[in-house]
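Novice: Heads up: the sequence shown runs through residues -19 to -1, 1 to 150, numbered per mature numbering (1 follows the signal peptide of the UniProt record, and there is no 0). Every residue gets a Cβ at the ideal spot worked out from N, C-alpha and C, and that includes glycine. Sharing a structure with you now.
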Amino acid sequence: MDGKSLIVILIMVSASASAEVYKCADGKYQADPCDDQSEPLDLSNVGSVVAPSRGYPENLTNETTDARLQDTSVNSRDKKAEIAQYLRKQKIEREIRNLEKERKKAFKDRDDKIEQLRTTGKRANNNLAGATWQQSLAQEMTAVMQQGSTEVESIDRQISALRSELKQL
């Protein structure tokens, strides 16, 4: 099978994929039912042109039909905006969690390096060479502390920016 055929097949398969979305009582959306009474949202009109259904009377004027279509279009845009906002909030919260993990890892890495340097310093001899080596290790510890502090401060600024963005949503 050549590459073009494979691409066409993949496009056809992905176009037929669909997912159900459930809105929970707390206002969150998710792919799984929230409880036993959960029913999937009808998103059939989201992202598509909505035509009048068969249930409309035949004697409707164009103005009435246009008004109903306009109302459906506004509701669809509202749903899209609400879902987009929810998805953005979820993405920000996920980024915050990942940054908090990075922050913990930065602290752990810094502490591990300092402990390793302390252990190494304990082996220094009680002479001028040992004192010079301990001074060198102390300088290295200071550099490790500064580097760790800088990394944590950077992560804290990113988290702070994301939290303020989350409050604005």
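(1) Would you call the region 111 to 126 in contact with the region 86 to 98, where contact means no fewer than 3 C-beta pairs closer than 8 Å?
(2) Measuring CA to CA, which of PHE88, PRO14, LYS9 is closest to residue 164?
(3) Would you mind giving the Cβ-Cβ distance between ILE73 and ILE140, rounded to the nearest angstrom? I have them listed as a contact below 8 Å.
(4) Could you say which of THR113, GLY129, TYR67 lies nearest to ASP90 if we only look at CA atoms?
(5) Kindly list the residues whose CB is nearer than 7 Å to the CB of TRP114, restricted to its own chain and excluding five residues on each side of it in sequence; keep chain order.
(6) Report the rounded CA-to-CA distance for SER145 versus ARG75, giving the unit in angstroms.
(7) Hey, how far is the Cα of LYS61 from the Cα of PRO21?
(8) Please state the DSSP three-state secondary structure of TYR37.
(9) According to DSSP, GLN11 sits in a beta bridge with which residue or residues?
(10) Using C-beta distances below 7 Å, list every residue in its chain close to ILE136, excluding the 5 sequence neighbours before and after it, in chain order.
(11) Return the Cβ separation of LYS9 and TYR67 in integer angstroms, given the expectation that the two are a contact with Cβ distance under 8 Å.
Specialist: On the basis of the coordinates in this document:
(1) yes
(2) Given a span of -19 to 150 for the chain in the structure shown, any question on residue 164 remains unanswerable.
(3) With 8 Å as the limit, ILE73 and ILE140 do not qualify as a contact, their Cβ atoms being about 10 Å apart.
(4) GLY129
(5) ALA105
(6) 15 Å
(7) 15 Å
(8) Because the pLDDT at TYR37 is just 49, under 50, the model does not fix this residue reliably, and the point stays unresolved.
(9) TYR3
(10) LEU80, GLU83, ARG84, ALA87
(11) 7 Å
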